[in-house]
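Asks: Okay, handing you the structure first.
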Amino acid sequence: MSECSTRNVSKSNSSNKLKEKDSNNSSRSKIQKRDPVKHKNNSLTNVYVNTQSSLKSQIEKCEKLLKQEDEIIVHGLGSAVPIAINLALQLNTLHSNTLTLDVNTSTVKLVDDIEPTSEDGDYQTQVRNNSSVHIRIKHNVPITG
């Protein structure tokens, strides 16, 4: 795959973003970002944070889960990593530092579809890396009730 320089950026109405690219003065193509694959263990105790999430609503959601469960896992990807970290720290502060935070970072491979805008172009995919954080939040003492 050849390297491309970004020419225009536009957002679609869906959750995916489109970017128009120009590759060495050849025909233009659109990059369709696929949604990341969620964890196989997608139970109710997993909270996925994104940049559009309201911190207040995420705190309320986590508080509700922490009243019912011994632990929850907060996930953040890319630019949502600092938001996920802030959420975990805010929860710990609300619980008077009685929560255990176990933080793991990783790199996630994301796949983009490159769609040609002309009929003679070829469909391609590209793989890119993105940072992620997974924060396991546990009660230091078992919950009662």
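What the sequence shown shows, in numbering that gives the first Met the number 0, is residues 0 to 144, in sequence order. Ideal Cβ positions, reconstructed from N, Cα and C, are used throughout, including at glycine.
Have a look at Cys61, Leu90, Asp69 and Thr116 and flag the residue whose alpha-carbon is nearest the alpha-carbon of Asn139.
Replies: Asp69
Asks: Skipping 5 residues on each side, what residues in its chain have a beta carbon closer than 8 angstroms to that of Leu93?
Replies: Ile58 and Glu62
Asks: Would you mind sorting Asn12 into buried or exposed? The rule is 16 or more other CB atoms within 10 Å of its CB.
Replies: For Asn12, the predicted structure reports a pLDDT of 35, less than 50, and the residue's modelled location is therefore unreliable. A value from the coordinates is still provided. With fewer than 16 other Cβ atoms within 10 Å, it is exposed.
Asks: Put Thr104 into one of helix, strand or coil per three-state DSSP.
Replies: strand
Asks: Suppose the cutoff is 6 angstroms on Cβ atoms and the five residues either side in sequence are ignored; what does the same chain contact list for Val132 look like?
Replies: Gly75, Val80, Ala83 and Thr104
Asks: Between His133 and the ligand GTP, is the CB less than 7 angstroms from at least one heavy atom?
Replies: Looking at this structure, you won't find the ligand GTP or any other ligand, since it has none at all.
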